[in-house]
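Below: one structure, written as structure tokens.
Here it is, written out as structure tokens:
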């Protein structure tokens, strides 16, 4: 399984290792709850090792773009990462989960024709911009990923 997000926001871009590490983004909490691991308590390297142990990868759909602020809706003139080429190197990949609507829209478009056998899962965004959706509701959607994960 691979998690794909649109791209790092302008506030986190300089801190490449910590792009989804900010306290307000719930990514590590959601994934940790799905795989029953306390990811927020781990350092970044341990988090990545833990994801790999569960056969989970991370990927940015967008390689570069213009964006004022952190909202995905403000992304302009984007260049897409070669997601299809990456997926082609992963013969056992069964599913790609998209963290939010922008990642899903762009990522599914990039993969739909060449990788139709993959399951695509559009998840509610872990971003604080979508705080109107309660954590429990987000988690319920994210828990559907368990069927693709290694315990």
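Numbering (the numbering used here), first residue to last: 100 to 250. Cβ atoms here follow ideal geometry from the backbone N, Cα and C, with glycine treated the same way.
(request) Mark residue 191 as exposed unless 16 or more other C-beta atoms lie within 10 angstroms of its C-beta, in which case mark it buried. (result) exposed
(request) With DSSP collapsed to three states, give me the class of residue 129. (result) helix
(request) To the nearest angstrom, report how far apart residue 195 and residue 233 are at their CA atoms. (result) 23 Å
(message) To the nearest angstrom, how far is the alpha carbon of residue 155 from that of residue 134?
(response) 10 Å
(request) Label residue 151 either buried or exposed according to how many other C-beta atoms from any shown protein chain fall within 10 Å of its C-beta, with 16 as the threshold for buried. (result) exposed
(request) Please classify residue 213: is it buried, with 16 or more other beta-carbons within 10 angstroms of its beta-carbon, or exposed? (result) exposed
(request) Using the DSSP secondary-structure output, state which residues sit across from residue 161 in a beta bridge. (result) 179
(request) Count the other CB atoms, across all protein chains shown, that sit within 10 Å of the CB of residue 245; report buried if there are 16 or more and exposed otherwise. (result) exposed
(request) Starting from residue 137, follow the alpha helix (DSSP H) in both directions and report where the run begins and ends. (result) Note, residue 137: premise wrong, no alpha helix (DSSP H); not H, not E.
(request) In the DSSP assignment, find the unbroken alpha helix (DSSP H) run with residue 238 in it and report its ends. (result) 234-241
(request) Could you round the C-beta distance between residue 179 and residue 161 to whole angstroms and report it? I think they count as a contact, below 8 Å. (result) 6 Å
(request) Quick one: residues in its chain with C-beta nearer than 7 Å to the C-beta of residue 113, no 5 flanking neighbours on either side, listed in chain order? (result) Residue confidence for residue 113 is low, a pLDDT of 38 falling below 50, so the modelled location carries little weight; the figure read from the coordinates is stated next. Here the set comprises nothing.
(request) Measure the alpha-carbon distance for residue 248 versus residue 241 and round it to whole angstroms. (result) 12 Å
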